[in-house]
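**Q**
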Amino acid sequence: MSGVADAPISRAVLDQAVQVLGSVLGFRYPADSVLSSHFREHRRLGQRDRAFIAETAYAVLRRLRWLRRLAGHHATPRQLLLTWLVRGEGMSLRRLHEVLKPQEREWLAEIRGRSISDETLGERCDMPDWLVARLLPSFGEDGLLALARSLNRPAPLDLRINPLRADRESVRAALADDGLVAEPCRFSPLALRLRQKPALARHPLFVDGQIEVQDEGSQLLAMLVAPKRGELVIDFCAGAGGKTLHLGALMRNTGRLYAYDVSEQRLARLKPRLARAGLSNVHPVVISSENDARIKRLAGKADRVLVDAPCSGLGTLRRNPDLKWRNSPESIAELVAKQAAILAAAARLPKPGGRLVYATCSLLREENDAIVDAFLAANPMYRELSAETILREQGVTIECGGRLRLQPDRHECDGFFAAVMERCID
1339 MSGVADAPIS
1349 RAVLDQAVQV
1359 LGSVLGFRYP
1369 ADSVLSSHFR
1379 EHRRLGQRDR
1389 AFIAETAYAV
1399 LRRLRWLRRL
1409 AGHHATPRQL
1419 LLTWLVRGEG
1429 MSLRRLHEVL
1439 KPQEREWLAE
1449 IRGRSISDET
1459 LGERCDMPDW
1469 LVARLLPSFG
1479 EDGLLALARS
1489 LNRPAPLDLR
1499 INPLRADRES
1509 VRAALADDGL
1519 VAEPCRFSPL
1529 ALRLRQKPAL
1539 ARHPLFVDGQ
1549 IEVQDEGSQL
1559 LAMLVAPKRG
1569 ELVIDFCAGA
1579 GGKTLHLGAL
1589 MRNTGRLYAY
1599 DVSEQRLARL
1609 KPRLARAGLS
1619 NVHPVVISSE
1629 NDARIKRLAG
1639 KADRVLVDAP
1649 CSGLGTLRRN
1659 PDLKWRNSPE
1669 SIAELVAKQA
1679 AILAAAARLP
1689 KPGGRLVYAT
1699 CSLLREENDA
1709 IVDAFLAANP
1719 MYRELSAETI
1729 LREQGVTIEC
1739 GGRLRLQPDR
1749 HECDGFFAAV
1759 MERCID
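Just remember that my numbering sits 1338 ahead of the position in the sequence shown, which is counted from 1.
(1) Compare the beta carbon distance of S1476 and D1752 with 8 Å and say whether it is the shorter of the two.
(2) Using a 10 Å radius around the Cβ and a threshold of 16 neighbouring Cβ atoms, would you call V1351 buried or exposed?
(3) Please report how far the alpha carbon of D1480 lies from the alpha carbon of A1512, in whole angstroms.
(4) In terms of residues, what are the limits of the beta strand (DSSP E) holding M1332?
(5) Would you please state the rounded distance, in angstroms, between the beta carbons of G1586 and L1559? I believe it to be under 8 Å.
(6) Between D1553 and the rest of its own chain, which residues show a CB-CB distance below 6 Å, the 5 nearest in sequence each way excluded?
(7) Can you tell me where the beta strand (DSSP E) with G1692 in it begins and where it stops?
(8) Apart from the five residues just before and just after A1447, which ones in its own chain have a Cβ nearer than 8 Å to its Cβ?
(9) Do the region 1390-1410 and the region 1449-1456 make contact, defined as three or more Cβ pairs closer than 8 Å?
(10) Within 10 angstroms of its Cβ, does D1764 collect 16 or more other Cβ (buried), or is it exposed?
(11) Could you check where the alpha helix (DSSP H) with Y1396 kicks off and where it finishes?
(12) How close, in whole Å, do the beta carbons of D1646 and A1369 come, if the pair is a contact with beta carbons under 8 Å?
(13) What three-state label does DSSP hand E1521 in the structure shown?
(14) Kindly indicate the opening and closing residues of the beta strand (DSSP E) around P1565.
(15) Quick check on the burial criterion: 16 or more other C-beta atoms within 10 angstroms. Buried or exposed for A1757?
(16) Specify the secondary structure class of V1734 as computed by DSSP and reduced to three states.
(17) Only counting the same chain, and skipping five residues up and downstream in sequence, which positions put a Cβ closer than 7 Å to that of S1361?
(18) Cα separation between R1642 and R1656?
(19) Which residue marks the beginning of the beta strand (DSSP E) containing L1714, and which one marks its end?
(20) To the nearest angstrom, report how far apart Q1357 and E1427 are at their CA atoms.
(21) Need the endpoints of the beta strand (DSSP E) that D1464 sits in, please.
(22) Would the region 1387-1398 count as touching the region 1411-1425 if we require 3 or more Cβ pairs under 8 Å?
(23) Taking the C-alpha atoms as reference points, what is the distance between G1460 and R1635?
(24) Check this for me: beta carbons of G1691 and R1761, under 8 Å apart or not?
(25) Report the start-end ranges of each beta strand (DSSP E) in the region 1441-1506 that is 3 residues or longer and not cut off at the edges.
(26) Secondary structure at I1728, three-state DSSP: helix, strand or coil?
Written as structure tokens, this is what we have:
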């Protein structure tokens, strides 16, 4: 947490951080929603105080099992927070002296020297045991520990350049003029990674639609769809539309791009983003389910269909560490059933020779390979294409074989899975 060890911490801000952490650890709502609500209620908080509250909450979520071993399994949110500051951030007790209660000073002095032996693999990974059991067969112990270390670090800030408005070098130069250092990412030709994490909502490049915030791994999904000018393309689970914007730009604002989602609120957030990006070929459509009648009208007509399926989100733990605690075997089983149904419905849309891309931001086999394998076994009219070959044709060099598998420890981006299928021509 950059700057926390040096920044002054008032008792009031510490109390707010404890309050937020307590709400987050209830796991009733996503952590980002809890933080957004808190900051709306406390609009006078400065940027540094907001950063302290948010980064501390996320840090505790990332290292929760380790912190509970240090502080005790029944530790309060305040104890967990203080333990993180002392052990995770290396903050001195003298630095914290003014905000500590007398008994806390003695307790933290003991915490500073406490060591942990006999850690389980779940504790070493800072993951629930059920999740470790699901991931271990795919990654092995050493691979899982490397993956966990990367997932337990904060994610960098990636940008996607809108090719309708700008190019990567011009954006990079404009950012440099503002003192912001941005480097090209490893794979996506439209991606820049910022060394800092500035607020970009009012930056001229953002306001003018030249940039969007989007993880590099997410950008590769639209490149697997590889839409062409004038085509009919469907983003089947569009959400707030990050990939929709990318698809529309790759289509050069031609053809028709349908953005389907069951959430009217999410699609409403897409509309101002479309205007900012200069896209007029996108048609947001609220649907009741994957079997909505409005979907059936396009059966067999689409050139390309992206199914970025609702999933556990476990590949995004760097950004959403609460997901490893909010998911469960039961929630995964519900998601798997939903994913299979959504893919089956979306598969009716491509025309012969059309492309179907199934993607998640999960690391679990049952949400990824198992869904695709079952689909291909039940749908012989589809054949699988090589993700590596498709990306290479677009100038992206990545060794991934038939299916795209991204993970932060290997690719320095969020964890994603994607399989590309083509409907056979009769």
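All C-beta atoms, glycine included, are put in the ideal place defined by N, C-alpha and C.
**A** Looking at the atomic coordinates:
(1) Taking the sequence shown and counting its residues from 1, one reaches residue 1476 at position 138. Taking the sequence shown and counting its residues from 1, one reaches residue 1752 at position 414. Result no, Cβ atoms of S1476 and D1752 do not sit closer than 8 Å.
(2) For this step, residue 1351 is matched to residue 13 along the sequence shown. By the neighbour-count rule (16 or more Cβ atoms within 10 Å), V1351 is buried.
(3) As a first step, residue 1480 must be located in the sequence shown, where it is residue number 142. As a first step, residue 1512 must be located in the sequence shown, where it is residue number 174. Rounded to the nearest angstrom, the two C-alpha atoms are 42 Å apart.
(4) The structure shown does not extend to residue 1332, since the chain is modelled only from 1339 to 1764, so the question has no answer here.
(5) Numbered from its first residue, the sequence shown carries residue 1586 at position 248. Numbered from its first residue, the sequence shown carries residue 1559 at position 221. In fact, because the Cβ distance is near 14 Å, the residues do not count as touching under 8 Å.
(6) Within the sequence shown, residue 1553 is the residue found at index 215, counting from 1. Taken in chain order, the residues that qualify are D1496, C1751 and D1752.
(7) Position 354 of the sequence shown, counted from the first residue, corresponds to residue 1692. Here the beta strand (DSSP E) through G1692 covers P1688 to T1698.
(8) As a position in the sequence shown, residue 1447 is number 109, starting the count at 1. So the list reads L1431, once near-sequence residues are dropped.
(9) yes
(10) Stepping through the sequence shown from its first residue, residue 1764 is reached at position 426. The residue in question, D1764, is exposed, as its Cβ has fewer than 16 Cβ neighbours within 10 Å.
(11) As a working note, residue 1396 is residue 58 in the sequence shown. It spans Q1385 to R1400 - the alpha helix (DSSP H) in which Y1396 sits, taken as one unbroken run.
(12) Within the sequence shown, the letter at position 308 stands for residue 1646. Within the sequence shown, the letter at position 31 stands for residue 1369. With 8 Å as the limit, D1646 and A1369 do not qualify as a contact, their Cβ atoms being about 22 Å apart.
(13) What you label residue 1521 is simply residue 183 of the sequence shown in a count that begins at 1. Looking at E1521 - three-state DSSP - the assignment turns out to be strand.
(14) Against the sequence shown, residue 1565 aligns to sequence position 227. No beta strand (DSSP E) contains P1565, which DSSP labels as neither H nor E.
(15) Residue numbering aside, residue 1757 sits at position 419 when the sequence shown is read from its first letter. Answer is buried; the Cβ neighbour count reaches 16.
(16) Residue mapping note: residue 1734 aligns to position 396 of the sequence shown, counting from 1. In the structure shown, V1734 sits in coil (DSSP, three-state: anything other than H, G, I, E or B).
(17) Along the sequence shown, read from residue 1 onward, the residue named residue 1361 stands at position 23. Within the same chain, S1361 has close Cβ partners V1372.
(18) Residue numbering aside, residue 1642 sits at position 304 when the sequence shown is read from its first letter. Residue numbering aside, residue 1656 sits at position 318 when the sequence shown is read from its first letter. The alpha-carbon atoms of R1642 and R1656 are separated by roughly 30 Å.
(19) Residue 1714 sits at position 376 when you count from the first residue of the sequence shown. Here L1714 belongs to no beta strand (DSSP E); instead the alpha helix (DSSP H) covers D1707 to A1716.
(20) The count along the sequence shown starts at 1 and reaches residue 1357 at position 19. The count along the sequence shown starts at 1 and reaches residue 1427 at position 89. If you take the alpha carbons of Q1357 and E1427, they lie about 20 Å apart.
(21) Counted from its first residue, the sequence shown places residue 1464 at position 126. Looking at the DSSP string, D1464 is not in any beta strand (DSSP E), and its letter there is neither H nor E.
(22) yes
(23) Counting from 1 along the sequence shown, the entry for residue 1460 is found at position 122. Counting from 1 along the sequence shown, the entry for residue 1635 is found at position 297. Cα to Cα, G1460 sits roughly 48 Å from R1635.
(24) In the sequence shown, residue 1691 corresponds to position 353, counting from 1. In the sequence shown, residue 1761 corresponds to position 423, counting from 1. Closer than 8 Å, so yes.
(25) 1495-1499
(26) Along the sequence shown, one-based indexing puts residue 1728 at 390. Helix.
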